[in-house]
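Visitor:
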Amino acid sequence: MSSARKLLYPFSLLYGGVMQLRNELYDRGIFSSKEYEVPVIAVGNLSVGGTGKSPMVEYLISLLKDNYRVATLSRGYKRSSSGFLLLNGNEPAAEAGDEPLQFKSKFPEIMVAVDESRQHGIQELLIQAAPPDVIILDDAFQHRKVTAGLYILLTPYGNLYSDDLVLPAGNLREPKWGAKRADLVVVTKCPAKISSEAKQKIRARLKLQPGQELFFSSISYSEEIFGRKEVLPLKELQKRHFTLVTGIANPQPLVGYLKQHSLKFDHKAFPDHHNFTASEIKELRSKGLLLTTEKDYMRLKNDIPEEDLFYLPITTQIVDGKKVFEKAILDFAQKK
């Protein structure tokens with residue numbers, strides 16, 4: 016922790032105390048929370064920044080979509096619209112949110128909705144002509160007005176919640192003991208060949224509660240890049256100079272992956288969920304070939320010539336215990 020952030024520690028104690036009081040009021044039933052007949056899975060984290068929520072939501076969609084009517088519900092961070100919106104896939108990212116639009120583009124057969132009120136969003140989903148069998152709440156671990164039936168808590172390998180502090184001195188949205196609400200804890204962005212010793216050390220540091228299950232996952236990058244009408248091998252970029260454009264919390268793993276492939280590129284980094292301005296779009300159009308993330312592609316695809324814009328997909332892989340993890344999800348989906 017930097018010296019400047021250490022000075023903010025008293026404010027962290029205050030903020031953490033407020034969040035803890037809020038959680039206790041929900042736990043005691045003083046603040047009301049609504050449960051639903053339909054299975055609701057909440058995916059989230061304790062910290063701000065990227066923990067791999069979108070790849071995990073896509074993993075769950077892939078697991079469930081062939082046997083259940085699946086819906087995802089997000090707040091649609093930084094979207095220009097408000098209220099409930101059921102996506103058809105043709106909305107601009109600024110209206111729907113980049114991640115929900117990514118889900119709908121990749122899985123057009125599922126229902127994807129946004130609503131800043133999760134209660135209202137679920138209610139609207141359930142009155143559709145063909146209501147969902149399972150609802151996945153994206154980034155909803157702190158949303159206590161809805162009681163999910165299954166909570167999946169993500170924490171990144173290089174920045175475990177157990178080693179962090181509450182905002183503003185640290186990056187936690189709530190005190191670390193909020194993790195007790197989780198049913199499944201997933202350490203994300205692990206090395207693909209994480210050792211048994213490393214896993215044991217992490218388990219000891221997280222201090223899980225009885226009944227909580229721990230899993231480890233890694234991010235897998237595609238060997239192909241995708242444009243609107245063309246798919247190219249990643250190695251094709253060894254022949255061409257390009258600009259990497261990122262608007263994500265931590266682009267360094269992606270940068271490292273591309274450098275491992277001996278690719279030469281410039282990097283234009285923007286804040287997470289960045290809405291590109293007209294002047295920024297103009298500058299990017301002058302760069303020629305652009306490579307970006309799938310999330311950023313949703314915000315750029317209507318403004319950059321299709322022959323110049325490609326994205327590199329990523330997927331989540333459960334390092335071990337995949338069958339146990341998937342069984343927990345499928346067993347829950349079958350409960351109601």
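Residue numbering for the sequence shown is 16 to 351, as defined by the working numbering.
By construction, the Cβ of each residue, glycine as well, lies at the ideal position given by its N, Cα and C atoms.
Check for me: the alpha helix (DSSP H) holding P248 runs from which residue to which?
Guide: Premise fails: P248 lies in the beta strand (DSSP E), V246 to P248, not in any alpha helix (DSSP H).
Visitor: Which residues bound the beta strand (DSSP E) around V127?
Guide: M126 to V129 is the extent of the beta strand (DSSP E) around V127.
Visitor: Assess contact between the region 50-59 and the region 215-223, defined as three or more Cβ pairs (one per stretch) separated by less than 8 Å. Is contact present?
Guide: Touching, no, given that fewer than three Cβ pairs across the two stretches are closer than 8 Å.
Visitor: Between G91 and L259, what straight-line distance do the alpha-carbon atoms span, to the nearest angstrom?
Guide: About 25 Å.
Visitor: Between the region 180-187 and the region 27-40, can you find at least three pairs of beta-carbon atoms closer than 8 Å?
Guide: A contact exists between the region 27-40 and the region 180-187.
Visitor: With a threshold of 8 Å on Cβ separation, who are the neighbours of A163 within its own chain once the five nearest residues in sequence on each side are excluded?
Guide: Contacts found: V55, I56, A57, L152 and A155.
Visitor: Return the chain-ordered list of same chain residues with a C-beta closer than 8 Å to the C-beta of R220, the five sequence neighbours on each side being excluded.
Guide: So the list reads L175, S177 and D178, once near-sequence residues are dropped.
Visitor: Mapping the DSSP letters down to three states, classify Q138 as helix, strand or coil.
Guide: Q138 falls in the helix class under three-state DSSP.
Visitor: What is the DSSP secondary structure of E52, counted as helix, strand or coil?
Guide: Coil at E52, not helix or strand.
Visitor: Report all residues from its chain with a CB closer than 6 Å to the CB of S66; omit the five preceding and five following residues, and keep chain order.
Guide: Looking at the sequence itself, residue 66 is Thr, so the reference to Ser does not match. Answer for T66: N60, L169, P171 and T203, listed in chain order.
Visitor: Do G64 and A264 count as a contact pair if the criterion is CB distance below 8 Å?
Guide: Yes, the Cβ-Cβ distance between A264 and G64 is below 8 Å.
Visitor: Which word fits S301, buried or exposed, when buried means at least 16 other C-beta atoms lie within 10 angstroms of its C-beta?
Guide: Label assigned to S301: exposed.
Visitor: Under the DSSP definition of a beta bridge, which residues are partnered with N60?
Guide: Paired residues: L169.
Visitor: In three-state terms, what does DSSP make of S211?
Guide: Three-state result, S211: helix.
Visitor: Taking 7 Å as the limit between beta carbons, can you name the residues of its chain near P146, skipping five residues before and five after?
Guide: Once the five neighbours on either side are set aside, the close Cβ partners of P146 are L140.
Visitor: Determine, using beta carbons only, whether H6 and L305 come nearer to each other than 8 Å.
Guide: This structure cannot speak to residue 6, because the chain is shown only from 16 to 351.
Visitor: Check whether the region 333-348 touches the region 289-296, counting contact only when three or more Cβ pairs, one atom from each stretch, lie closer than 8 Å.
Guide: Result no; under three Cβ-Cβ pairs closer than 8 Å.
Visitor: My understanding is that I150 touches A86, with C-beta atoms under 8 Å, so please give their C-beta distance in whole angstroms.
Guide: Right, their Cβ atoms sit about 5 Å apart.
Visitor: Quick check on A19: buried or exposed, where buried means 16 or more other Cβ atoms within 10 Å of its Cβ?
Guide: The residue in question, A19, is exposed, as its Cβ has fewer than 16 Cβ neighbours within 10 Å.
Visitor: Of the residues K49, R314, E322 and F257, which one's Cα is nearest the Cα of R133?
Guide: Minimum Cα distance to R133 is reached at K49.
Visitor: Under the three-state reduction of DSSP, which class applies to S235: helix, strand or coil?
Guide: DSSP places S235 in strand when its eight states are reduced to three.
Visitor: For the beta strand (DSSP E) containing Q332, list its first residue and its last residue.
Guide: It spans I329 to D335 - the beta strand (DSSP E) in which Q332 sits, taken as one unbroken run.
Visitor: Just checking: is the beta-carbon of L23 within a distance shorter than 8 Å of some beta-carbon in chain B?
Guide: Of the chains in the structure shown, none is chain B; there is only one protein chain.
Visitor: Based on Cα-Cα distance, which residue from E251, A284, L269 and I319 lies nearest to P328?
Guide: When only C-alpha atoms are compared, the closest one is L269.
Visitor: Quick check: I209 and F241, are their CB atoms within less than 8 Å of each other?
Guide: Taking 8 Å as the Cβ cut-off, I209 and F241 do not qualify as a contacting pair.
Visitor: Is the beta carbon of A284 closer than 8 Å to that of T308?
Guide: Cβ atoms of T308 and A284: not closer than 8 Å.
Visitor: Measuring alpha carbon to alpha carbon, tell me which residue in I45, F122, S211 and S235 is nearest K160.
Guide: For the residues I45, F122, S211 and S235, the minimum Cα distance to K160 belongs to I45.
Visitor: Which residues bound the beta strand (DSSP E) around F285?
Guide: Note, F285: premise wrong, no beta strand (DSSP E); not H, not E.
Visitor: Excluding five sequence neighbours on each side, which residues of the same chain lie with their C-beta closer than 6 Å to the C-beta of L100?
Guide: Excluding positions up to five away in sequence, the list reads V129.
Visitor: In chain order, what residues of the same chain have a beta carbon less than 8 Å from the beta carbon of G226, not counting five sequence neighbours either side?
Guide: Here the set comprises D198.
Visitor: Just to confirm the assignment, what range does the alpha helix (DSSP H) spanning I45 have?
Guide: First-last for I45: undefined, no H or E at that position.
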